[in-house]
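Undergrad: I have a structure here, written as structure tokens, and I will follow up with some questions on it.
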Amino acid sequence: MTTPMVSLIGVPTDVGAGTRGSSMGPEALRVAGIARAIAQFGVDVRDCGNLIGPANPDLPAVNGFRHMPEVVAWNRGVHAAVHAELKDGRLPIMLGGDHCLAIGSVSAVARHCRETGKSLRVLWFDAHADFNTATMTPSGNIHGMPGACLCGHGPSQLTEIGGHVPAISPHEIREIGIRSVDEGEKRFLAELGIEVFDMRYVDEVGMRVTMEQALAGVGAETHLHVSLDVDFLDPEIAPGVGTTVRGGPTYREAQLCMEMIADTGRLCSLDIVELNPALDLRNMTAELAVDLVESLFGKSTLMRLHQ
Numbered sequence: 337m338t339t340p341m342v343s344l345i346g347v348p349t350d351v352g353a354g355t356r357g358s359s360m361g362p363e364a365l366r367v368a369g370i371a372r373a374i375a376q377f378g379v380d381v382r383d384c385g386n387l388i389g390p391a392n393p394d395l396p397a398v399n400g401f402r403h404m405p406e407v408v409a410w411n412r413g414v415h416a417a418v419h420a421e422l423k424d425g426r427l428p429i430m431l432g433g434d435h436c437l438a439i440g441s442v443s444a445v446a447r448h449c450r451e452t453g454k455s456l457r458v459l460w461f462d463a464h465a466d467f468n469t470a471t472m473t474p475s476g477n478i479h480g481m482p483g484a485c486l487c488g489h490g491p492s493q494l495t496e497i498g499g500h501v502p503a504i505s506p507h508e509i510r511e512i513g514i515r516s517v518d519e520g521e522k523r524f525l526a527e528l529g530i531e532v533f534d535m536r537y538v539d540e541v542g543m544r545v546t547m548e549q550a551l552a553g554v555g556a557e558t559h560l561h562v563s564l565d566v567d568f569l570d571p572e573i574a575p576g577v578g579t580t581v582r583g584g585p586t587y588r589e590a591q592l593c594m595e596m597i598a599d600t601g602r603l604c605s606l607d608i609v610e611l612n613p614a615l616d617l618r619n620m621t622a623e624l625a626v627d628l629v630e631s632l633f634g635k636s637t638l639m640r641l642h643q
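Letter by letter, the sequence shown follows residues 337 to 643 in our numbering.
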């Protein structure tokens, strides 16, 4: 058995968000002990430090996009860093930062899958669909657009970062926990055929069935990427986010998601995004995120023998 190898990549920016503060997310996750939490499972953990990029100019949108040059610069850096760690046989964990950074991380994962002949499955845990385009969003905040950009719908500077347009196809992504979708987005998601497990669906069938369906077809040749926006969680237990939406999953529902992913043994890359320590209480949201990561790496209450 080779020792699993994990690389932490800090990306301290909030250029894609409407609220400042997620730039402090990487440090909050480190303070909450993310490296130690993963290492306890016999994993070799390397903290690559933080990427460096342009400051947040805090300007209004230009032609429907806020901070386009800065978003492009950060995502190019993320793409290069994540791809390098994958090529080195390591499991990259991006410590965000806002969710616009998934354009860089997921495009790097998709590129790696093309190079290695793996199939890709992206699990997108979020309160929001993140499938906006410049014409649909009044704010122009690019953290509401990464899904659309990854599927080839967005400005070329962002859709082409992985060298292949689209970076992913709509059938490779599953969205889970969604409960805030703009009107234009609803139509767009339906047109693209994105599989969305919204909170009403979770309420009706339960989280176990939801996750069984989201993981259906994941096999030995699948690269499983998890993009975890901490606003996926109910704000009662995870207040440290800029865009809270009530009615999210409970602590146990979220843990079940991560435990079922761990059961597959196919997790190959991870984003943790939108953690905003400026809005948190005593770092509780970061600590909860670290709890979830422990479950992703195999923490369970009992020894489970019926895999």
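We put the CB at the ideal spot given by N, CA and C, even for glycine.
Note that the structure is predicted; figures quoted are calculated from it, not measured.
Extract the residue ranges of the alpha helix (DSSP H) inside the stretch 371 to 423, only unbroken runs of 4 or more that lie entirely within it.
TA: If only complete runs of 4 or more residues are kept, the stretch 371 to 423 shows the alpha helix (DSSP H) at 404 to 423, in order along the chain.
Undergrad: My understanding is that Ala550 touches Leu459, with C-beta atoms under 8 Å, so please give their C-beta distance in whole angstroms.
TA: Contact holds; Cβ gap of about 6 Å.
Undergrad: Note down the Cα distance separating Leu632 from Met596, rounded to an integer number of angstroms.
TA: Spanning the two alpha carbons is a distance of roughly 8 Å.
Undergrad: Taking 8 Å as the cut-off, decide whether the C-beta atoms of Val562 and Arg602 are in contact.
TA: no
Undergrad: Between the stretch 443 to 460 and the stretch 397 to 406, can you find at least three pairs of beta-carbon atoms closer than 8 Å?
TA: no
Undergrad: Just the C-alpha distance for Asp383 and Leu344, rounded to the nearest angstrom, thanks.
TA: So the alpha carbons of these two residues sit roughly 5 Å apart.
Undergrad: Apart from the five residues just before and just after Gly488, which ones in its own chain have a Cβ nearer than 8 Å to its Cβ?
TA: Thr495, Val501, Pro502, Ala503
Undergrad: Can you look up His500 in the DSSP assignment and give me helix, strand or coil?
TA: coil
Undergrad: Quick one: give me the first and last residue of the beta strand (DSSP E) that Met547 is part of.
TA: Careful: Met547 lies outside any beta strand (DSSP E), inside the alpha helix (DSSP H) at 543 to 550.
Undergrad: Let me know the beta strand (DSSP E) ranges lying completely inside the stretch 416 to 472, each 3 residues or longer, listed in chain order.
TA: Listed in chain order, the complete beta strand (DSSP E) runs (minimum 3 residues) inside the stretch 416 to 472 are 427 to 432, 455 to 461.
Undergrad: In the DSSP assignment, what are the bridge partners of Ser343?
TA: Ser343 is bridged by DSSP to Arg382, Pro428.
Undergrad: I'd like to know whether the C-beta atoms of Val577 and Glu623 end up nearer to each other than 8 Å.
TA: no
Undergrad: Would Asn392 and Val351 qualify as a contact pair, given that the criterion is a beta-carbon distance under 8 Å?
TA: yes
Undergrad: Tell me whether Gln591 is buried or exposed, calling it buried when 16 or more other Cβ atoms sit within 10 Å of its Cβ.
TA: buried
Undergrad: In three-state terms, what does DSSP make of Glu513?
TA: In the sequence as displayed, the identity of residue 513 is Gly instead of Glu. The answer is strand: DSSP assigns Gly513 an E or B state.
Undergrad: Would you list the residues sitting across from Val532 in a DSSP beta bridge?
TA: Glu511
Undergrad: Have a look at the DSSP bridge pairing and note the partners of Val609.
TA: Asp565
Undergrad: Inspect the beta-carbon positions of Asp567 and Thr580 and report whether they are closer than 8 Å.
TA: yes
Undergrad: When you compare the stretch 474 to 494 with the stretch 431 to 440, are there three or more beta-carbon pairs, one atom per stretch, that lie closer than 8 Å?
TA: yes
Undergrad: First and last residue of the alpha helix (DSSP H) that includes Thr495?
TA: Unbroken alpha helix (DSSP H) run through Thr495: 492 to 495.
Undergrad: State the start and end residues of the unbroken alpha helix (DSSP H) segment that holds Met360.
TA: Segment: none, Met360 is in no alpha helix (DSSP H) and carries neither H nor E.
Undergrad: Distance check for Thr338 and Thr473, CA to CA, integer angstroms please.
TA: 46 Å
Undergrad: Indicate the three-state DSSP secondary structure (helix, strand or coil) for Leu647 in the structure shown.
TA: Nothing about residue 647 can be read from this structure; the chain reaches only from 337 to 643.
Undergrad: Label Glu540 either buried or exposed according to how many other C-beta atoms from any shown protein chain fall within 10 Å of its C-beta, with 16 as the threshold for buried.
TA: exposed
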